[in-house]
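Be aware that the sequence shown starts at 2, since it is given in my numbering, and climbs by one per residue.
Accompanying notes for the structure given below.
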Amino acid sequence: MDLLKRLRKLRPWEGVVALAAVGVACYAVWAMVPGFLFARSIVLLQQYQASIPKAPALMRGMCKRDGGLRIYKTTKNVDGYAILPPGGMQAAKKIAVGKVTGASFEGGCFPCFKELIGDGYEYIETYYVGEEDRLRSLTLSGAQYVRRTGLYRYRLVDRREEPYLCKQFDRYLRVYEDSVLRGRAKTYANVGAFKMQSAKYKEELHDKCIYAERISAFSSPYLLRHELKVVAEETEKGRSVRIRQFRNSVFYKDEQSVLAEAIGYVFYAGEGPNAISDESCGQLYLPPITKLLVPSTSLK
């Protein structure tokens with residue numbers, strides 16, 4: 002109140018000057034806020050990183066032993082390849098006959114537009130574990146073209162020549178359209194992937210569809226396998242510490258004939274969704290598969 006009384010006693014020009022001074026002071030304080038917040042965030046980050054145990058020498062030793070990318074041979078004129086499940090060929094044989102329960106993986110080539118249209122392979126073979134045979138948490142990914150557990154060969158089909166093979170694809174189109182209407186495109190990963198890729202390859206899909214044929218065994222001599230496993234676990238400073246190995250490999254005919262492999266290690270502090278990747282080494286991923294197994298269509 003005293004401040005208001007004093008302002009009223011000021012001459013007009015003095016009041017303007019006073020208000021301008023107040024404005025300049027407020028702006029100066031406001032301008033300092035971002036810098037203060039940034040400096041504070043740096044301090045908090047440093048404190049947080051200091052609380053996380055550093056990757057042990059064990060991980061570095063693992064990387065020195067076998068980490069990195071090794072390409073032994075690239076192959077041209079490849080029609081397609083097979084994707085192995087976790088556990089390799091032995092697991093694939095069990096999936097082929099439906100002997101799977103509580104699986105922690107889903108599989109499937111979905112929506113498979115990139116592989117068959119973008120990359121240009123004639124077919125992709127892979128596994129699929131149905132909803133009833135896998136962990137409930139994985140059902141949130143959404144539906145695929147197929148429903149039953151088994152091995153499948155995916156290929157691009159011309160509707161004009163084989164319209165009867167497009168039934169499963171068209172059934173999924175109805176599921177997809179219903180999911181979009183219900184606003185589930187962002188909830189289910191498969192719906193979101195289908196939406197994005199179908200828009201990208203809209204022209205190529207005009208008179209075609211994806212057909213997934215159930216097979217009893219893989220026929221492709223080229224095999225792709227992704228492995229992720231915990232290779233060390235301990236406790237430091239009250240935190241759970243894990244070292245995970247990423248191994249991605251391309252084989253010819255069996256899992257002993259390696260064409261290329263990428264091996265890397267990641268150190269995690271914490272558990273579950275709170276786990277923080279603190280350090281990594283080696284090579285976590287392979288180059289694009291088309292660089293290792295060159296599609297036959299790219300040579301035409």
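For glycine and all other residues, C-beta sits at the position ideal for the given N, C-alpha and C.
At least 9 Å separates the beta-carbon of L117 from that of A218. Contact check for P87 against E228 passes: the beta carbons are separated by less than 9 Å.
Closest in C-alpha terms to I72, from the list L294, A261, L285 and S281, comes A261. Apart from sequence neighbours up to five positions away, the residues of its chain that approach I84 with a beta-carbon distance below 6 Å are T127 and L225, ordered along the chain.
In this structure, the alpha-carbon of Y177 lies about 14 Å from that of V147.
Runs of the alpha helix (DSSP H) spanning 4 or more residues and lying entirely within the segment 86-165 occur at 89-97, in chain order. Within a 10 Å sphere around the beta-carbon of R135 sit 16 or more other beta-carbons, which makes this residue buried. P222 is the residue among C282, K230 and P222 whose C-alpha sits nearest the C-alpha of T76. Going by DSSP, Q257 is part of the beta strand (DSSP E) stretching over D255 to A270.
With contact defined as three or more Cβ pairs closer than 8 Å, the segment 189-204 and the segment 164-172 are not in contact.
Shortest Cα-Cα distance from E133 to any of I125, E107 and D120 involves E107. Nearest neighbour of M90 by Cα position, chosen from K196, K254 and L294, turns out to be K254.
Secondary structure note for L174: its alpha helix (DSSP H) is the uninterrupted segment K168 to L182. Around the beta carbon of S250, 16 or more other beta carbons lie within 10 angstroms, which makes this residue buried. Within a 10 Å sphere around the beta-carbon of M60 sit 16 or more other beta-carbons, which makes this residue buried. When the five nearest sequence neighbours on each side are left out, the beta carbons in the same chain lying within less than 6 Å of the beta carbon of D80 are those of E123 and S297, in order along the chain. Listed as beta-bridge partners of P222 by DSSP are no residues whatsoever. Taken atom to atom, the span from the alpha-carbon of E214 to that of K74 is near 30 Å. Beta-bridge partners of S281 (DSSP): V267. In the structure shown, G62 adopts helical secondary structure according to DSSP, grouped into three states. Distance from the Cα of R156 is smallest, within the candidate group K115, A200 and V130, for K115.
Each residue's CA atom was taken as its position, placing A233 and G283 some 16 Å apart.
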